[in-house]
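Below is one structure, written out as structure tokens; the observations come after it.
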Amino acid sequence: MLDVSRLRAFSGIQPTADSLHLGNYLGALRQWVALQDDYDCVYSVVDLHALTVSPDPAALRTRVRATAAQFLAAGVNPEQSVLFVQSQVPEHTQLTWLLNCITGFGEASRMTQFKDKSAKLGDKGVTVGLFDYPVLMAADILAYDANVVPVGEDQRQHIELSRDLAIRLNSRFGEGTARVPEALIMQSTARIYDLQDPKAKMSKTGHPAGIIELLDSPKVITKRIKSAVTDSGTVIKWDPKNQPGLANLLAIYAALAGQTPEEVAQQYCGKLYGHLKVDLAELVIEALRPFRERTAEYLADPAALDGLLEEGREKAAAIAGAVYARIAERFGLTPRANRGPAA
1 MLDVSRLRAF SGIQPTADSL HLGNYLGALR QWVALQDDYD CVYSVVDLHA LTVSPDPAAL
61 RTRVRATAAQ FLAAGVNPEQ SVLFVQSQVP EHTQLTWLLN CITGFGEASR MTQFKDKSAK
121 LGDKGVTVGL FDYPVLMAAD ILAYDANVVP VGEDQRQHIE LSRDLAIRLN SRFGEGTARV
181 PEALIMQSTA RIYDLQDPKA KMSKTGHPAG IIELLDSPKV ITKRIKSAVT DSGTVIKWDP
241 KNQPGLANLL AIYAALAGQT PEEVAQQYCG KLYGHLKVDL AELVIEALRP FRERTAEYLA
301 DPAALDGLLE EGREKAAAIA GAVYARIAER FGLTPRANRG PAA
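Residues 1 to 343 (our numbering) make up the sequence shown, in order.
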């Protein structure tokens, strides 16, 4: 049961691949787990967002379960937090429509991620869903009266839109209509880059050999790290500006070993890049071994996993239903009659 005396955090990850990657783990999941001690946390597998990339239906259903299993394997505790599948709570899409009606077209079209993706896809590849993605994200957040949203720096603009829409609702309909959320961007959180393009964030849409998937075999992990792009220099030092490839490897090592990148660089002073890569591969493999084992356990019992998600859906629906009813009433929508049990 959520403790209403504590601040609430909301976040979600798309099920767009069979496995989450190391950037998800170090940049999001570990932070989610830590937040559970101090916040009431609501975490979602945001499958509606995944529809913007036109996934295979059967693959999407499989990935929803796999993503939820990985949340749990990372330490998301359903006794402490609400864990659910976005599409199973219809208030997300209902609230999106209300927010659409107070969002300016120019406001939505200025979203950086939309502009970047539309430039790559061209007019024929851009859907209304992709355009409306940030409004759905705002609905995700506002539906839970979230105080904070743990996100990466690249999502700050989307949180600003959520804030603007909440403020607009309160201005139009009165204070208390919506809670104004804050972005929770922890500076200590590791930012992990593509192993083949160390100037780009590690992403499922990046270079195929540039990501380390959490469910990769030890052989694949070793191959990816050994083939990671480094730099023309030979001295191991912490210099992200001039040696981004090396800095990325040092950052991964530091995040998993509980050290600073500077400490790791000092540890390998005088050694070759190859030594660092071999040791880093072993560190990643051992760090992810229990995660892979726990994920396999959850996926081996799909009925139990679905049961956990159903319990989470019920909790999420109770929160989102009340919030949506409050906002819809302010818009002037007619509430559904509560007829009670049949006589």
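Glycine included, each C-beta is placed from N, C-alpha and C at the ideal position. Note that this is a predicted model, so its numbers are computed, not measured.
Nearest-angstrom Cα separation, counted from Leu-246 out to Ile-13 | Translated into the one-based positions of the sequence shown, residue 13 becomes position 13. Translated into the one-based positions of the sequence shown, residue 246 becomes position 246. Near 28 Å, if we compare the C-alpha coordinates of Leu-246 and Ile-13.
Put Gly-12 into one of helix, strand or coil per three-state DSSP.
-> Taking the sequence shown and counting its residues from 1, the one referred to as residue 12 is at position 12. Strand, per DSSP.
Pick from Tyr-39, Pro-90, Leu-98, Phe-105: whose alpha carbon is nearest that of Val-82?
-> On the sequence shown, position 82 is the one that residue 82 refers to. Of the listed residues, the one whose Cα sits closest to Val-82 is Tyr-39.
For His-158, does the three-state DSSP call read helix, strand or coil?
-> Numbered from 1 along the sequence shown, position 158 holds the residue referred to as residue 158. His-158 falls in the helix class under three-state DSSP.
Inter-stretch contact at 8 Å, needing at least 3 Cβ pairs: the segment 24 to 39 / the segment 159 to 169 = no
Is it the case that the Cβ atoms of Ile-221 and Leu-288 are separated by a distance below 9 Å?
-> Along the sequence shown, read from residue 1 onward, the residue named residue 221 stands at position 221. Along the sequence shown, read from residue 1 onward, the residue named residue 288 stands at position 288. It is a contact, given that the beta carbons lie within the stated cut-off.
Cβ separation of Pro-261 and Ala-251, assumed to be a contact under 8 Å, to the nearest whole Å | Position 261 of the sequence shown, counted from the first residue, corresponds to residue 261. Position 251 of the sequence shown, counted from the first residue, corresponds to residue 251. Contact holds; Cβ gap of about 5 Å.
Which residues bound the beta strand (DSSP E) around Val-148?
-> In the sequence shown, the residue the question calls residue 148 occupies position 148. Here the beta strand (DSSP E) through Val-148 covers 148 to 150.
DSSP on Ser-87, reduced to helix/strand/coil?
-> Along the sequence shown, one-based indexing puts residue 87 at 87. Correct three-state label for Ser-87: helix.
Report the option in Arg-294, Ala-255, Ala-209 whose CA atom is closest to the CA atom of Ala-66.
-> By 1-based counting over the sequence shown, the position of residue 66 is 66. Of the listed residues, the one whose Cα sits closest to Ala-66 is Arg-294.
Beta-carbon separation of Gly-129 and Leu-60 under 9 Å?
-> Counted from its first residue, the sequence shown places residue 129 at position 129. Counted from its first residue, the sequence shown places residue 60 at position 60. No; because the gap between Cβ atoms is not below 9 Å, this pair is not in contact.
From which residue to which residue does the alpha helix (DSSP H) around Tyr-133 run?
-> For the purposes of this step, residue 133 is identified with residue 133 of the sequence shown, where counting begins at 1. That run of the alpha helix (DSSP H) goes 128 to 142.
Sort Ser-118, Ala-281, Ile-102 by Cα distance to Lys-226 and report the nearest one.
-> Looking up residue 226 in the sequence shown gives position 226. The candidate whose alpha carbon is nearest that of Lys-226 is Ala-281.
Simplified DSSP assignment, three categories, for Leu-276 = The residue labelled residue 276 in the question sits at position 276 within the sequence shown. Correct three-state label for Leu-276: helix.
According to the Cβ coordinates, are Val-180 and Ala-9 closer than 9 Å?
-> Sequence index remark: in the sequence shown, residue 180 carries index 180 (1-based). Sequence index remark: in the sequence shown, residue 9 carries index 9 (1-based). No; because the gap between Cβ atoms is not below 9 Å, this pair is not in contact.
Around the Cβ of Ile-327, are there at least 16 other Cβ atoms within 10 angstroms (buried) or fewer (exposed)?
-> For the purposes of this step, residue 327 is taken as the residue at position 327 of the sequence shown. That one is buried.
So, are the CB atoms of Gln-94 and Phe-291 less than 9 Å apart?
-> The sequence position of residue 94 within the sequence shown is 94, counting from 1. The sequence position of residue 291 within the sequence shown is 291, counting from 1. Contact: no.
Is Gln-86 buried or exposed, if buried means 16 or more other CB atoms sit within 10 Å of its CB?
-> Here residue 86 corresponds to residue number 86 of the sequence shown, with the count starting at 1. Classification of Gln-86: buried, given that the 10 Å Cβ count is 16 or more.
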